Amino acid sequence: MAQFNRYNPEIKADCSGLLVNHYVCVSIIGVDPKPTTTTTTTTTSTSTTAASGIVTPTPTRAGMVSNCDAFYKVKSGDDCGKIATSCGITTEQLSKWNTDIGSTCSGLRPDYYICVSAVGVDTEPTTTTKGNEVATPTPTQSGMVGTCNTFYRVGGDDTCEIIAKAAGITLANFYDWNKGVGSDCGSLWILYYVCIGVM
Numbered sequence: 075m076a077q078f079n080r081y082n083p084e085i086k087a088d089c090s091g092l093l094v095n096h097y098v099c100v101s102i103i104g105v106d107p108k109p110t111t112t113t114t115t116t117t118t119s120t121s122t123t124a125a126s127g128i129v130t131p132t133p134t135r136a137g138m139v140s141n142c143d144a145f146y147k148v149k150s151g152d153d154c155g156k157i158a159t160s161c162g163i164t165t166e167q168l169s170k171w172n173t174d175i176g177s178t179c180s181g182l183r184p185d186y187y188i189c190v191s192a193v194g195v196d197t198e199p200t201t202t203t204k205g206n207e208v209a210t211p212t213p214t215q216s217g218m219v220g221t222c223n224t225f226y227r228v229g230g231d232d233t234c235e236i237i238a239k240a241a242g243i244t245l246a247n248f249y250d251w252n253k254g255v256g257s258d259c260g261s262l263w264i265l266y267y268v269c270i271g272v273m
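Residues 75 to 273 (this note's numbering) make up the sequence shown, in order.
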């Protein structure tokens, strides 16, 4: 945590300056991070250095990518959405870089380190052009209507109702255009794009 605070002094030691949908620094190129070694009755944190020179703190779960260059120590109460938001990545990237946590995030374990950045991976959103000639930002959840022409990036405090109301559409339309969020908004993913307007 001390290293994180050094990289992001505006966040403050109590994290009161942490803002949703804002990026934070978790690694500096050319700086050899020195994770603190802590000992508890159940876990001891140490580190290993890969051939790339990147120091990997331990313990980690099997299934973490070998090209990881930034790590996060899971705390009790964390979920993939919270971690992804605080690290400026998507939940899809998080589960891709840490296959043992699973697509539903059921494999998160407190006091274990997970990968939150990989060498050569750009975490900025990209766009794709569908058959409707509209550039669709990514990532999106499956089940988005193909005629979508207006998109919204989900934030940490958003609900389906809040998004629909702000966009001036009905909740029924929102669910119809975004099947992947579920019928009760239980699968709305932070940092993913949803459809809020169609052709």
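Heads up, the beta-carbon is just placed ideally off N, CA and C, and yes, glycines get one too. Here the structure is a predicted model, which is why all the values come from computation and not from measurement.
Contacting residues, own chain, Cβ-Cβ under 6 Å from residue i (five flanking each side not counted)
i, result
"residue 181", "174, 175"
"residue 222", "269, 272"
"residue 227", "267"
"residue 114", "Since pLDDT at residue 114 reaches only 43, below the 50 mark, its modelled position is unreliable, and no value is offered."
"residue 135", "174, 186"
"residue 143", "101, 128, 191, 193"
Simplified DSSP assignment, three categories, for residue i
i, result
"residue 238", "helix"
"residue 249", "helix"
"residue 174", "helix"
"residue 136", "coil"
"residue 89", "coil"
"residue 244", "coil"
"residue 224", "strand"
"residue 119", "Model confidence at residue 119 stands at a pLDDT of 46, short of 50, so the residue's coordinates are unreliable and nothing is read from them."
"residue 256", "coil"
Closest Cα partner of residue i within the set the options
i, options, result
"residue 141", "256, 214, 171", "171"
"residue 241", "225, 255, 229, 186", "225"
"residue 211", "252, 130, 266", "266"
"residue 131", "189, 168, 179", "189"
"residue 178", "249, 192, 166", "166"
"residue 99", "208, 251, 145", "145"
"residue 128", "191, 163, 248, 186", "191"
"residue 92", "161, 247, 152", "161"
Residue i at chain D interface by Cβ criterion, 8 Å
i, result
"residue 229", "This model lacks chain D altogether; it includes just one protein chain."
Terminal residues of the beta strand (DSSP E) in which residue i lies
i, result
"residue 210", "209–212"
"residue 128", "Element bounds for residue 128: n/a, residue is neither H nor E."
"residue 191", "187–192"
"residue 147", "142–147"
"residue 272", "267–272"
First and last residue of the uninterrupted alpha helix (DSSP H) at residue i
i, result
"residue 159", "154–161"
Rounded distance between the beta-carbons of residue j and residue i, thought under 8 Å
i, j, result
"residue 159", "residue 264", "5 Å"
"residue 262", "residue 231", "Not confirmed; about 11 Å, so no contact."
"residue 218", "residue 252", "6 Å"
"residue 215", "residue 254", "3 Å"
Same chain only: Cβ atoms within 8 Å of residue i, ignoring 5 sequence neighbours per side
i, result
"residue 169", "154, 175, 176, 177, 179"
Sequence-distant residues of the same chain with beta carbon closer than 7 Å to residue i, five excluded per side
i, result
"residue 149", "184"
"residue 152", "182"
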